[in-house]
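Asks:
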Amino acid sequence: MIPLEYSLTLSAVLFTLGVIGVLVRRNVIVLLMCVELMLNAVNLSFVALSDHLNSAEGLLYVFFVMTVAAAEASVGLAIVVSLVRARNTVYADEVDLLKG
Amino acid sequence: MNFQMADLQLLAPHIVVLATALLVLLAEAFCKGERKGYLAYLGIAGIVVAALLTPRLFGPQRLGFSGMLAGDGFAAFFYFILYAVGILTLLVSQNYLRDERFEHGEYYALVLLALVGMMLMAGATHLMVVFLALETMSIAIYALAGYFRTERSVEASLKYFILGGFASGFLLYGIALIYGACGTTQIYDVMAYFKALPALTSSPMALAGIGLLTVGFGFKVAAVPFHAWTPDVYQGAPTSVTAFMATGVKAAAFSAFLRVFVVAFQGTHVEWSGVLWVLALLTMTLGNLTAIAQTDVKRMLAYSSIAHAGYLLVGLVVGTPEASSAMMVYLLAYAFMNIGAFACVIMVGRYGQENTSLDAYAGIGFRFPALGLAMAVFMFSMAGIPPTAGFIGKFLIFKAAVHEGYYWLTILGVLNSAASVYYYLRVIITMYFKPSPDEPAVDGLRVGPSAALATVLAGVGVLYLGIIPGGIIKLAEQAVRFMG
Numbered sequence: 001m002i003p004l005e006y007s008l009t010l011s012a013v014l015f016t017l018g019v020i021g022v023l024v025r026r027n028v029i030v031l032l033m034c035v036e037l038m039l040n041a042v043n044l045s046f047v048a049l050s051d052h053l054n055s056a057e058g059l060l061y062v063f064f065v066m067t068v069a070a071a072e073a074s075v076g077l078a079i080v081v082s083l084v085r086a087r088n089t090v091y092a093d094e095v096d097l098l099k100g
Numbered sequence: 101m102n103f104q105m106a107d108l109q110l111l112a113p114h115i116v117v118l119a120t121a122l123l124v125l126l127a128e129a130f131c132k133g134e135r136k137g138y139l140a141y142l143g144i145a146g147i148v149v150a151a152l153l154t155p156r157l158f159g160p161q162r163l164g165f166s167g168m169l170a171g172d173g174f175a176a177f178f179y180f181i182l183y184a185v186g187i188l189t190l191l192v193s194q195n196y197l198r199d200e201r202f203e204h205g206e207y208y209a210l211v212l213l214a215l216v217g218m219m220l221m222a223g224a225t226h227l228m229v230v231f232l233a234l235e236t237m238s239i240a241i242y243a244l245a246g247y248f249r250t251e252r253s254v255e256a257s258l259k260y261f262i263l264g265g266f267a268s269g270f271l272l273y274g275i276a277l278i279y280g281a282c283g284t285t286q287i288y289d290v291m292a293y294f295k296a297l298p299a300l301t302s303s304p305m306a307l308a309g310i311g312l313l314t315v316g317f318g319f320k321v322a323a324v325p326f327h328a329w330t331p332d333v334y335q336g337a338p339t340s341v342t343a344f345m346a347t348g349v350k351a352a353a354f355s356a357f358l359r360v361f362v363v364a365f366q367g368t369h370v371e372w373s374g375v376l377w378v379l380a381l382l383t384m385t386l387g388n389l390t391a392i393a394q395t396d397v398k399r400m401l402a403y404s405s406i407a408h409a410g411y412l413l414v415g416l417v418v419g420t421p422e423a424s425s426a427m428m429v430y431l432l433a434y435a436f437m438n439i440g441a442f443a444c445v446i447m448v449g450r451y452g453q454e455n456t457s458l459d460a461y462a463g464i465g466f467r468f469p470a471l472g473l474a475m476a477v478f479m480f481s482m483a484g485i486p487p488t489a490g491f492i493g494k495f496l497i498f499k500a501a502v503h504e505g506y507y508w509l510t511i512l513g514v515l516n517s518a519a520s521v522y523y524y525l526r527v528i529i530t531m532y533f534k535p536s537p538d539e540p541a542v543d544g545l546r547v548g549p550s551a552a553l554a555t556v557l558a559g560v561g562v563l564y565l566g567i568i569p570g571g572i573i574k575l576a577e578q579a580v581r582f583m584g
């Protein structure tokens with residue numbers, strides 16, 4: 001039996017990695033992966049807490065979150081495709097027309 | 101988990117709007133070229149049907165779907181704000197899309213789908229439903245922001261997508277921690293749990309959850325310091341989508357923000373109101389000060405929307421029923437004045453040339469008197485000058501703040517509001533008192549019957565709320581009483 005603290009800590013670490021990734025990386029596809037990492041880190045928390053609280057609700061949420069993550073990824077990749085068509089780049093710092 | 105047919109009544113407006121969205125997609129396949137504009141009217145017809153089903157919900161609270169969705173006055177009031185936003189957006193879009201050679205049925209379907217998400221946010225009484233509704237709304241809006249596929253539009257879409265996904269991550273983590281601390285994510289159960297266990301208010305897990313939820317909602321309502329995306333996204337997105345985002349997303353996000361914080365976390369009001377106090381002040385001040393420096397009208401309106409989020413946060417800090425009803429009136433007023441202002445911005449532009457720089461507005465007040473008058477009304481309303489809706493909204497919020505003894509926040513808010521008059525009036529001064537150049541950038545207005553109708557409706561809404569607000573205020577007060 002893995003103690004709750006371990007899973008929650010791992011989840012927090014993964015979430016933080018995702019946050020740092022979004023803040024420091026430039027490649028839009030990597031940014032997308034980091035956002036997914038954040039959502040999946042939360043999924044780990046849900047599973048661990050659901051086990052700890054002995055309630056099945058948390059497990060259900062995981063399915064919802066996975067669906068949302070898939071929908072987000074599909075729209076996100078579509079945006080990346082139109083970005084490449086419009087600007088021919090996948091680097092976030094080269095996308096800088098709007099400023100002021 | 102139990103399900104009754106009566107629950108469907110609570111969901112009826114959402115189902116109607118969703119069905120209309122699908123119908124629009126289907127009808128698009130049979131619509132040739134020029135006729136696609138009629139799809140906007142199909143969407144409006146769907147919203148009107150949903151609006152006819154909504155007054156039944158206005159009354160004491162009924163919870164359905166195992167306590168996940170509420171049918172109460174609070175939700176119904178927000179549904180009506182969102183219907184107004186939806187109808188005005190569809191009216192404004194039709195002409196604009198035709199002129200930009202981008203008239204496709206998906207646009208109208210996406211607006212309606214986003215509207216379903218917004219309505220679910222207003223009705224949700226379960227944190228997970230709030231999250232799902234928020235994503236339904238956001239994903240549709242990511243696509244709408246990039247709808248024009250021009251460099252700027254795609255850039256806006258990308259920025260909104262990355263930061264929106266980032267924010268949802270925080271929101272979801274907050275939900276997970278609240279689930280861990282309370283063992284439930286139903287809003288009224290969370291409230292009861294906090295009441296039964298006062299020790300919970302100092303539990304790090306619960307407090308971290310509340311903090312993360314604040315960050316998540318802060319992003320969605322564009323509160324400083326989570327506002328960085330707003331100006332770029334609002335400026336780059338198609339103007340009709342900007343109007344939709346600025347009003348609809350804000351109303352929906354604040355409805356969920358209100359229900360989660362004022363109801364579920366009322367036991368920890370002392371803890372979170374301090375943080376939101378600072379956020380409200382920062383948001384108002386930074387929004388207004390940056391707006392003063394803008395030379396692009398669309399970008400200025402983006403910063404002004406940040407400032408308006410600040411005034412609304414004041415209402416949230418106060419957290420009394422009086423403040424909640426004031427926020428509802430404010431959001432309705434904001435919907436009318438902001439969509440109206442963006443409708444005017446659309447009219448000034450033309451294909452391939454948006455004319456959003458302030459210089460383009462020189463002298464158009466006299467050359468196009470009707471447009472000048474409409475823009476002036478909306479700018480006065482945003483500045484909060486009576487007799488317009490914006491004044492009533494601000495007055496109610498600051499009144500509620502004074503009643504609870506938030507004197508400093510009120511004084512700083514009123515000072516902010518006074519500072520904002522500068523940049524709103526600058527638009528009017530440019531329109532009327534700056535001579536138009538020999539070769540004016542604006543040689544004609546991009547106006548069709550639907551856009552004109554939208555502007556007139558928005559103007560009537562602004563003046564009606566400003567001159568005889570009594571009925572709406574009473575309705576909002578009743579609505580909050582049913583929130584529980």
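Listed in order, the protein sequences are those of chains A and B.
So for the first sequence, our numbering puts the first residue at 1; every next one is plus one.
So for the second sequence, our numbering puts the first residue at 101; every next one is plus one.
Ideal Cβ positions, reconstructed from N, Cα and C, are used throughout, including at glycine.
DSSP three-state call for residue 545(B): helix, strand or coil?
Replies: On the second sequence, position 445 is the one that residue 545(B) refers to. Here residue 545(B) sits in coil by DSSP.
Asks: CB residue 471(B) to CB residue 464(B), shorter than 8 Å?
Replies: Here residue 471(B) refers to the residue found at position 371 when the second sequence is read from its first residue. Here residue 464(B) refers to the residue found at position 364 when the second sequence is read from its first residue. Cβ atoms of residue 471(B) and residue 464(B): closer than 8 Å.
Asks: Is residue 536(B) helix, strand or coil by DSSP?
Replies: One-based indexing of the second sequence puts residue 536(B) at position 436. DSSP places residue 536(B) in coil when its eight states are reduced to three.
Asks: Just confirm the distance between the C-beta atoms of residue 409(B) and residue 323(B), as a whole number of angstroms; I'd bet it's less than 8 Å.
Replies: To locate residue 409(B), count along the second sequence from 1; it is residue 309. To locate residue 323(B), count along the second sequence from 1; it is residue 223. 6 Å between Cβ atoms; contact.
Asks: Could you name the residues of chain A that residue 335(B) contacts, counting a contact when the two beta carbons are closer than 7 Å?
Replies: Indexing the second sequence from 1 puts residue 335(B) at position 235. The CB of residue 335(B) comes closer than 7 Å to the CB of 98 in chain A, given here in chain order.
Asks: For chain B, is any of its Cβ atoms less than 8 Å away from the one on residue 70(A)?
Replies: In the first sequence, the residue the question calls residue 70(A) occupies position 70. It does not: the Cβ of residue 70(A) has no partner Cβ on chain B nearer than 8 Å.
Asks: Which first and last residues belong to the alpha helix (DSSP H) in which residue 25(A) is found?
Replies: Sequence index remark: in the first sequence, residue 25(A) carries index 25 (1-based). That residue, residue 25(A), is in no alpha helix (DSSP H); it is neither H nor E in DSSP.
Asks: Below 8 Å on the Cβ atoms is my contact criterion, and I expect residue 229(B) with residue 313(B) to pass it. Report the Cβ-Cβ distance as a whole number of Å.
Replies: Counted from its first residue, the second sequence places residue 229(B) at position 129. Counted from its first residue, the second sequence places residue 313(B) at position 213. No, residue 229(B) and residue 313(B) are not in contact; Cβ-Cβ is about 14 Å, not under 8 Å.
Asks: Apart from the five residues on each side of it in sequence, which residues of its chain come closer than 7 Å, Cβ to Cβ, to residue 341(B)?
Replies: Locating residue 341(B) in the second sequence gives position 241, counting from the first residue. Correct list, in chain order: 244, 245, 247.
Asks: How about residue 162(B): is its C-beta nearer than 8 Å to some C-beta of chain A?
Replies: Along the second sequence, read from residue 1 onward, the residue named residue 162(B) stands at position 62. It does not: the Cβ of residue 162(B) has no partner Cβ on chain A nearer than 8 Å.
Asks: Identify every run of the alpha helix (DSSP H) within the region 190-263 of chain B, keeping only runs that are complete inside it and at least 4 residues long; order them along the chain.
Replies: Restricting attention to alpha helix (DSSP H) runs no shorter than 4 residues, the region 190-263 of chain B encloses them at 205-223, 227-245, ordered along the chain.
Asks: Would you kindly work out how many angstroms separate the C-alpha atoms of residue 292(B) and residue 367(B), rounded to a whole number?
Replies: For the purposes of this step, residue 292(B) is taken as the residue at position 192 of the second sequence. For the purposes of this step, residue 367(B) is taken as the residue at position 267 of the second sequence. Distance between the alpha carbons of residue 292(B) and residue 367(B) is about 9 Å.
Asks: Determine the direct distance from the alpha carbon of residue 188(B) to that of residue 572(B), and round the result to whole angstroms.
Replies: Numbered from 1 along the second sequence, position 472 holds the residue referred to as residue 572(B). Numbered from 1 along the second sequence, position 88 holds the residue referred to as residue 188(B). Each residue's alpha carbon lies about 19 Å from the other.
Asks: Hey, out of 193(B), 159(B), 358(B), whose CA is closest to residue 551(B)'s CA?
Replies: Taking the first residue of the second sequence as position 1, residue 551(B) is located at position 451. Among 193(B), 159(B), 358(B), the Cα nearest to that of residue 551(B) is on 193(B).
Asks: Would you kindly check if the distance between the Cβ of residue 499(B) and the Cβ of residue 484(B) is under 8 Å?
Replies: Taking the first residue of the second sequence as position 1, residue 484(B) is located at position 384. Taking the first residue of the second sequence as position 1, residue 499(B) is located at position 399. Not in contact: residue 484(B) and residue 499(B) (Cβ atoms no closer than 8 Å).
Asks: Could you have a look at residue 396(B) and say whether DSSP puts it in helix, strand or coil?
Replies: Counting from 1 along the second sequence, the entry for residue 396(B) is found at position 296. Residue 396(B) falls in the strand class under three-state DSSP.
Asks: What residue from 461(B), 221(B), 404(B) has the CA that sits closest to residue 348(B)'s CA?
Replies: For this step, residue 348(B) is matched to residue 248 along the second sequence. The closest CA to that of residue 348(B), considering only 461(B), 221(B), 404(B), is found on 221(B).
Asks: Specify the secondary structure class of residue 58(A) as computed by DSSP and reduced to three states.
Replies: Counting from one through the first sequence, the residue named residue 58(A) turns up at place 58. Three-state DSSP puts residue 58(A) in a helix.
Asks: Only counting the same chain, and skipping five residues up and downstream in sequence, which positions put a Cβ closer than 6 Å to that of residue 158(B)?
Replies: Here the question's residue 158(B) lines up with position 58 in the second sequence. Closer than 6 Å at the Cβ level, and outside the excluded window around residue 158(B), lie 173, 176.
Asks: Kindly indicate if chain B contains any beta-carbon less than 8 Å away from that of residue 7(A).
Replies: Along the first sequence, read from residue 1 onward, the residue named residue 7(A) stands at position 7. So no, residue 7(A) is outside the interface.
Asks: Return the CA-CA distance between residue 41(B) and residue 544(B), expressed in angstroms with no decimal places.
Replies: Past the boundaries of the shown model lies residue 41(B); chain B is included only from 101 to 584, so the question cannot be answered.
Asks: Under 9 Å between beta-carbons, which chain B residues line up against residue 63(A)? List them in chain order, please.
Replies: If you number the first sequence from 1, residue 63(A) lands on position 63. Under the 9 Å cutoff, chain B gives no residues; its nearest Cβ is about 11 Å from residue 63(A).
Asks: Tell me, which residues are paired with residue 162(B) by DSSP?
Replies: Locating residue 162(B) in the second sequence gives position 62, where the first residue counts as 1. DSSP output for residue 162(B) lists 171(B) as bridge partner(s).
Asks: For chain B, check one thing: does any of its Cβ atoms lie closer than 8 Å to the Cβ of residue 28(A)?
Replies: On the first sequence, position 28 is the one that residue 28(A) refers to. Residue 28(A) belongs to the set of residues whose beta carbon lies under 8 Å from a beta carbon in chain B.
Asks: Return the chain-ordered list of same chain residues with a C-beta closer than 8 Å to the C-beta of residue 444(B), the five sequence neighbours on each side being excluded.
Replies: Position 344 of the second sequence, counted from the start, is the residue given in the question as residue 444(B). Only 471, 474, 475, 478, 555 meet the Cβ criterion.
Asks: For residue 450(B), which beta-bridge partners are listed by DSSP?
Replies: Sequence index remark: in the second sequence, residue 450(B) carries index 350 (1-based). Answer by DSSP bridge pairing, in chain order: 453(B).
Asks: Shortest alpha-carbon distance to residue 531(B) belongs to which of 501(B), 112(B), 416(B), 397(B)?
Replies: In the second sequence, the residue the question calls residue 531(B) occupies position 431. Considering only alpha carbons, the answer is 397(B).
Asks: Do the region 354-374 of chain B and the region 388-396 of chain B make contact, defined as three or more Cβ pairs closer than 8 Å?
Replies: no
Asks: Specify the secondary structure class of residue 286(B) as computed by DSSP and reduced to three states.
Replies: Residue numbering aside, residue 286(B) sits at position 186 when the second sequence is read from its first letter. Here residue 286(B) sits in strand by DSSP.
Asks: Write down the C-beta distance between residue 38(A) and residue 64(A) rounded to the nearest angstrom, noting that I regard them as a contact closer than 8 Å.
Replies: For the purposes of this step, residue 38(A) is identified with residue 38 of the first sequence, where counting begins at 1. For the purposes of this step, residue 64(A) is identified with residue 64 of the first sequence, where counting begins at 1. Actually they do not touch by this definition, with Cβ atoms about 16 Å apart.
Asks: According to DSSP, simplified to helix, strand and coil, what is residue 506(B)?
Replies: Numbered from its first residue, the second sequence carries residue 506(B) at position 406. Of the three classes helix, strand and coil, the one that applies to residue 506(B) here is coil, per DSSP.
Asks: I believe residue 497(B) touches residue 423(B) by the beta-carbon criterion, under 8 Å. Please report the beta-carbon distance rounded to the nearest angstrom.
Replies: By one-based count along the second sequence, residue 497(B) stands at place 397. By one-based count along the second sequence, residue 423(B) stands at place 323. Contact between residue 497(B) and residue 423(B) holds, with the beta-carbon distance rounding to 7 Å and staying under 8 Å.
Asks: Here's the rule: buried if 16 or more other CB atoms are within 10 angstroms of the residue's CB, otherwise exposed. What is residue 298(B)?
Replies: Along the second sequence, one-based indexing puts residue 298(B) at 198. So residue 298(B) ends up on the exposed side.
Asks: Shorter than 8 Å from the beta carbon of residue 235(B) to some beta carbon of chain A?
Replies: Numbered from 1 along the second sequence, position 135 holds the residue referred to as residue 235(B). Closer than 8 Å to some Cβ of chain A, the Cβ of residue 235(B) qualifies, so yes.
Asks: Just mark residue 332(B) as buried or exposed, buried being the case when its beta carbon has 16 or more other beta carbons within 10 Å.
Replies: In the second sequence, residue 332(B) corresponds to position 232, counting from 1. Buried: at least 16 other Cβ atoms inside 10 Å.
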